[in-house]
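Written out below as structure tokens is the structure these notes cover.
2 protein chains.
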Amino acid sequence: MADAEGGSGVSAKIITSETINPAYKRIKYGLRGPLDQRSQVIEEELAQGQAKPFTEVVKHIGDPQGLQGQKPITFMRQVLCLLTYPDLLQDERFPSDVKKRVREILSEKNGGTISSYTSSQGLKIVRQQIADFISTRDGYPEDLSNIYLTNGGGEAIRIVLKALMTADQEGPGRAGVMIPIPEYPLYSGRLLELNGYQIPYFLNEDDNWQLEMGELQRALNSSRPHCVPRALVLINPGNPTGQVLTYENIREVIKFCHRERLVLFADEVYQDNIYADGCAFHSCRKVLHDLGEEYRDFQLVSLHCSAKSHFGECALRGGYYQLTGFDEDVKSFFHNRMTLYSCPNIYGQVAMGIVCQPPKPGDDSYALYDKERTAIQKSMKEKAGMTTRFLNSLAGIQCNTVQGAMYAFPRVLLPDKAIQAAKDQGLTPDSLYASELLEATGQFVAPGSVMGQKEGTYHFRITIIPPLEKTVHQYEQFKRFHEDFMKKYEG
Amino acid sequence: MADAEGGSGVSAKIITSETINPAYKRIKYGLRGPLDQRSQVIEEELAQGQAKPFTEVVKHIGDPQGLQGQKPITFMRQVLCLLTYPDLLQDERFPSDVKKRVREILSEKNGGTISSYTSSQGLKIVRQQIADFISTRDGYPEDLSNIYLTNGGGEAIRIVLKALMTADQEGPGRAGVMIPIPEYPLYSGRLLELNGYQIPYFLNEDDNWQLEMGELQRALNSSRPHCVPRALVLINPGNPTGQVLTYENIREVIKFCHRERLVLFADEVYQDNIYADGCAFHSCRKVLHDLGEEYRDFQLVSLHCSAKSHFGECALRGGYYQLTGFDEDVKSFFHNRMTLYSCPNIYGQVAMGIVCQPPKPGDDSYALYDKERTAIQKSMKEKAGMTTRFLNSLAGIQCNTVQGAMYAFPRVLLPDKAIQAAKDQGLTPDSLYASELLEATGQFVAPGSVMGQKEGTYHFRITIIPPLEKTVHQYEQFKRFHEDFMKKYEG
Numbered sequence: 001m002a003d004a005e006g007g008s009g010v011s012a013k014i015i016t017s018e019t020i021n022p023a024y025k026r027i028k029y030g031l032r033g034p035l036d037q038r039s040q041v042i043e044e045e046l047a048q049g050q051a052k053p054f055t056e057v058v059k060h061i062g063d064p065q066g067l068q069g070q071k072p073i074t075f076m077r078q079v080l081c082l083l084t085y086p087d088l089l090q091d092e093r094f095p096s097d098v099k100k101r102v103r104e105i106l107s108e109k110n111g112g113t114i115s116s117y118t119s120s121q122g123l124k125i126v127r128q129q130i131a132d133f134i135s136t137r138d139g140y141p142e143d144l145s146n147i148y149l150t151n152g153g154g155e156a157i158r159i160v161l162k163a164l165m166t167a168d169q170e171g172p173g174r175a176g177v178m179i180p181i182p183e184y185p186l187y188s189g190r191l192l193e194l195n196g197y198q199i200p201y202f203l204n205e206d207d208n209w210q211l212e213m214g215e216l217q218r219a220l221n222s223s224r225p226h227c228v229p230r231a232l233v234l235i236n237p238g239n240p241t242g243q244v245l246t247y248e249n250i251r252e253v254i255k256f257c258h259r260e261r262l263v264l265f266a267d268e269v270y271q272d273n274i275y276a277d278g279c280a281f282h283s284c285r286k287v288l289h290d291l292g293e294e295y296r297d298f299q300l301v302s303l304h305c306s307a308k309s310h311f312g313e314c315a316l317r318g319g320y321y322q323l324t325g326f327d328e329d330v331k332s333f334f335h336n337r338m339t340l341y342s343c344p345n346i347y348g349q350v351a352m353g354i355v356c357q358p359p360k361p362g363d364d365s366y367a368l369y370d371k372e373r374t375a376i377q378k379s380m381k382e383k384a385g386m387t388t389r390f391l392n393s394l395a396g397i398q399c400n401t402v403q404g405a406m407y408a409f410p411r412v413l414l415p416d417k418a419i420q421a422a423k424d425q426g427l428t429p430d431s432l433y434a435s436e437l438l439e440a441t442g443q444f445v446a447p448g449s450v451m452g453q454k455e456g457t458y459h460f461r462i463t464i465i466p467p468l469e470k471t472v473h474q475y476e477q478f479k480r481f482h483e484d485f486m487k488k489y490e491g
Numbered sequence: 001m002a003d004a005e006g007g008s009g010v011s012a013k014i015i016t017s018e019t020i021n022p023a024y025k026r027i028k029y030g031l032r033g034p035l036d037q038r039s040q041v042i043e044e045e046l047a048q049g050q051a052k053p054f055t056e057v058v059k060h061i062g063d064p065q066g067l068q069g070q071k072p073i074t075f076m077r078q079v080l081c082l083l084t085y086p087d088l089l090q091d092e093r094f095p096s097d098v099k100k101r102v103r104e105i106l107s108e109k110n111g112g113t114i115s116s117y118t119s120s121q122g123l124k125i126v127r128q129q130i131a132d133f134i135s136t137r138d139g140y141p142e143d144l145s146n147i148y149l150t151n152g153g154g155e156a157i158r159i160v161l162k163a164l165m166t167a168d169q170e171g172p173g174r175a176g177v178m179i180p181i182p183e184y185p186l187y188s189g190r191l192l193e194l195n196g197y198q199i200p201y202f203l204n205e206d207d208n209w210q211l212e213m214g215e216l217q218r219a220l221n222s223s224r225p226h227c228v229p230r231a232l233v234l235i236n237p238g239n240p241t242g243q244v245l246t247y248e249n250i251r252e253v254i255k256f257c258h259r260e261r262l263v264l265f266a267d268e269v270y271q272d273n274i275y276a277d278g279c280a281f282h283s284c285r286k287v288l289h290d291l292g293e294e295y296r297d298f299q300l301v302s303l304h305c306s307a308k309s310h311f312g313e314c315a316l317r318g319g320y321y322q323l324t325g326f327d328e329d330v331k332s333f334f335h336n337r338m339t340l341y342s343c344p345n346i347y348g349q350v351a352m353g354i355v356c357q358p359p360k361p362g363d364d365s366y367a368l369y370d371k372e373r374t375a376i377q378k379s380m381k382e383k384a385g386m387t388t389r390f391l392n393s394l395a396g397i398q399c400n401t402v403q404g405a406m407y408a409f410p411r412v413l414l415p416d417k418a419i420q421a422a423k424d425q426g427l428t429p430d431s432l433y434a435s436e437l438l439e440a441t442g443q444f445v446a447p448g449s450v451m452g453q454k455e456g457t458y459h460f461r462i463t464i465i466p467p468l469e470k471t472v473h474q475y476e477q478f479k480r481f482h483e484d485f486m487k488k489y490e491g
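Line by line, the protein sequences are chains A and B. In case it helps, the UniProt record's numbering puts the first sequence at residues 1 to 491. In case it helps, the UniProt record's numbering puts the second sequence at residues 1 to 491.
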């Protein structure tokens, strides 16, 4: 049979590792790789009472509440609670602005219930909340028709990257997408699936991970024989690199994309996570509009989600992408695309609206909201500074300032013997480091090779999320491990 | 520039209707087509106070709570409520089994909060609930490693259909999938996007929409020159056709797939919606296992979701697909595929677990749950019978018995003049009928051409969901419309 070819003999099964869609075989998402699996085994071993030099596994992933560093924002949870169980709308323990928000949402829903389907692009009232947020943030009005709600940021990335692809899947006519290195590996993972051509450009580690125009040009030029470059992905604030781009840097990037005819895909999910003094978040949309009429036809896609910031509602899977400069007929294709799922999940939708429109001064919930937000932001800011200082205090580690997002991406100057030992074990040197760290301390950091790095350099990604009181102890363990590791492999 | 070719002149934009991924242009989801858009306009006109011969738009889509026919099941909402806002775990108004369920789920979550990411395949505790449900339902044990939670049934359909595709996207090596006609149009819509080859097989309207082996064979044989047939989609109970397949019929289909080397994709989302006396739901998985050892290598994918049955939680987007007969290496590709989204939304996950493991006799919530479920099921059963009888009472309409699911799919014997009038307006005859019905009564039914039908026959899909007290009035309106329509176009 045609679909059983190529196997060793005829398999009785139809879908085998030989015959499954090759796109599925290309997928690789490094953050959930072997180290993640090993950390799960260690968790089970701990639960079974096995003795270890640590009592818990700490996963350095962007999961603010999961790492126990962050309590949920009360307003968010109260709104979702009453939406779920409207009997409590009579309960006096819930503030009036919570009830108002819930009634507004239910009034737009068929049957007055959260359970009914919404329009495919998402509830109008939520898209209006988002549009108002964008208008205020940027000082340029936004319309709800440009906003498409999704099940989290990951779905938005898939939908937009897929739209950028061409019919050519193999030859030089296939779509190319510029991605930063280091990157959030969902971009390369998804491009592998889609058979898009990856055009890696390196962030400048010596300039706190800003983008350099010469490097962008080099990367683009070298890609030309292999693909049709279509877009540039910019992650600001940076994941895994923790930088916040300057206004001027973003302006240069927009000019570059304009000159080179590239769509700009702005991943701005960490826009509320800014810590370093003198840093501010500038949306690509604002910088673009500031450039004026000449850039009227520029195409920009902006991404946001409910999982980060002081809200940190990861598993609700709220997110949106917003289109600037796309014609109505193209928008209708995006709209059609969304209809195939009926609608994004309603909790994620509502959460995204709350992230964009939290309580305001004068609202019943404002004082508590402000207190909670301030405490979280203060703690994150403290840990950002502490993490940078701690890492730089270790011999053989160099770390840029954590200006935003939730991560540091330090460079480790690994001894030659460690590099050789890794080679002997069939590992990348940074994986060896991360693996030994996990076994010694229970701390799971992502090796730099998962996010990409310049050849001959080695990094890892660590979050600033764990709560302050745990951080101190974790740093002690880390320091001991690092010193032991360097000694073990010294020349 | 290479990516601006083919347009009329050079567009300043990069992503235009000429250059967007052609896959997005192929997408077509008939249920959210022009009639749906017109119904939204009518709703706005009503809201603005425009006079119409009706006071509300009734959308005949599978949205049980949205159509006000169905109140949510209290247990479901109480669990979701306490998960969201665990302060209420101290509240005496909530039953002990609700609290127990909530504590069980939170204990499996990092940080003890619903917000943290779960494993990509979904929470273990939820997959265990589903595995236990399947084991009990079928009498054959199931393992949680075969269960993959998704954001609703639509996502499961996409993931599985995509896995079935081959590398060949255009030629005779592309994957073929047998789909029923009439069908739930997400199947054809998704196959259009994926460039899969559709192999339509006709359900037998004269035998209450059962599957005929001769017709399956005819459809398959005729497809052979054009594709590599990979799978057969079976929807049971049927959407839009409302039939419940007999045990014997399912057995024949499995034997057919086995002989012809096809994966069976069993869409069983309406498995709890059974009304007609003498009908029972038989899962494909049980029938397969009953066939014994000879079918050990048979590959089956089974689909379920939280949106239907007496729960009807549509916008929570809970769903799963379950794999039977897939090797570990193939399962790992499915697993990798899920990692690209981090995890499915947590409310959908929990809801799916509750659908599979509702309160049991002896539980605090059982009495109320049983009362609510029985009332909904009784009402649906009554409306199923009523709808069949009503439709058959109209001259020129023939309707099979609504045995299950939520729909009737009656045939309308349209007068020649109506067929001609439709042609003159560039509409299919069934769209003309549905369009005039919408304008006259506010009732939005899906024209048969959206779901597919034998050439020269005309149908529409109507739900049995609206509440009983409204149904009577709606039928009167409908009857008046139908008689007027037939008179208007009589020969």
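Quick reminder that beta carbons are idealized off the backbone N, C-alpha and C, glycines included. The structure displayed is predicted, hence computed values, not measured ones.
Interface criterion not met: the Cβ of E268 of chain A is under 9 angstroms from no Cβ in chain B. Of all residues in the stretch 161-172 of chain B, only K162, A163, L164, M165, T166, A167 and Q169 come within less than 8 angstroms of chain A when Cβ atoms are compared, listed by chain position. Chain-order list of chain A residues neighbouring G325 of chain B: K13, by C-beta distance under 8 angstroms.
Residues of chain A with a Cβ closer than 9 angstroms to the Cβ of F54 of chain B do not exist; the shortest Cβ-Cβ separation is about 16 angstroms. If you draw a 10 Å sphere on the C-beta of R411 of chain A, you find 16 or more other C-beta atoms in it, and that means buried. Taking the Cα of F265 of chain B as reference, the smallest distance to any Cα among B:K378, B:A163 and B:D416 is reached at B:A163. A219 of chain B sits in a helix when the DSSP states are folded into three classes. In the DSSP assignment, N151 of chain A falls within the unbroken beta strand (DSSP E) covering I147 to N151. For C284 of chain B, not one C-beta of chain A is nearer than 9 angstroms to its own C-beta.
Residue range Y197 to F202 is occupied by the beta strand (DSSP E) that includes P200 of chain A. With respect to the C-alpha of Q217 of chain B, the residue from B:S39, B:F202, B:A446 and B:A47 having the closest C-alpha is B:F202.
Going by DSSP, L323 of chain B is part of the beta strand (DSSP E) stretching over G318 to T324. If you look at A266 of chain B, you'll find it isn't in any alpha helix (DSSP H); it sits in the beta strand (DSSP E) that goes V263 to D267. Pairing T441 of chain A with D132 of chain B, the inter-Cα distance amounts to about 37 angstroms. Note on geometry: alpha-carbon atoms of K308 of chain B and V126 of chain A lie some 25 angstroms from one another.
Beta-bridge analysis with DSSP links M178 of chain A to A:I199 and A:L232. For C81 of chain A, the nearest beta carbon of chain B is closer than 9 angstroms to its own beta carbon.
Nearest CB-CB separation between T387 of chain B and chain A: not below the 9 angstroms threshold. With respect to A408 of chain B, G242 of chain B sits close: the two C-beta atoms are nearer than 9 angstroms.
For S135 of chain A against F444 of chain A, the beta-carbon gap comes to about 41 angstroms, at or over 8 angstroms, which does not count as contact.
Residues of the same chain with a CB within less than 7 angstroms of the CB of N110 of chain B, apart from the 5 flanking positions on each side, are S116 in chain order. In the pairwise beta carbon analysis, the stretch 20-30 of chain B is classified as not touching the stretch 59-74 of chain B: fewer than three pairs are separated by under 8 angstroms.
If you ignore the 5 residues before and after G154 of chain B, its C-beta comes within less than 7 angstroms of the C-beta of L186, all in its own chain and listed in chain order.
Interface annotation, V355 of chain A: not in contact with chain B, CB-CB separation never under 9 angstroms. Here E205 of chain B is buried. Its C-beta has 16 or more other C-beta atoms within 10 Å.
Interface residue (Cβ-Cβ distance to chain B less than 9 angstroms): T19 of chain A is classified as such. Between Q65 of chain A and G318 of chain A a beta carbon distance of about 14 angstroms is seen, past the 8 angstroms cut, so the two are scored as non-contacting. Contact annotation: the stretch 450-465 of chain B touches the stretch 173-188 of chain B, with at least three C-beta pairs closer than 8 angstroms.
Within the DSSP secondary-structure output, A408 of chain B pairs in a beta bridge with B:I462. In this structure, DSSP gives V445 of chain B a state outside helix and strand, which the three-state scheme calls coil.
With 16 or more other CB atoms across the displayed protein chains lying within 10 angstroms of its CB, V355 of chain B is buried. With a beta-carbon spacing of about 4 angstroms, Q403 of chain A and V244 of chain A fall inside the 8 angstroms limit used to define contacts. A direct Cα-Cα distance of roughly 6 angstroms separates V263 of chain B from L300 of chain B. In the three-state reduction of the DSSP assignment, I274 of chain A falls in the strand class. Identification of residues in the stretch 87-114 of chain A having a C-beta nearer than 7 angstroms to some C-beta of chain B yields N110, G111, T113 and I114, given in sequence order.
Within chain A, the residues placing a beta-carbon under 8 angstroms from that of K25 of chain B are F333, ordered along the chain.
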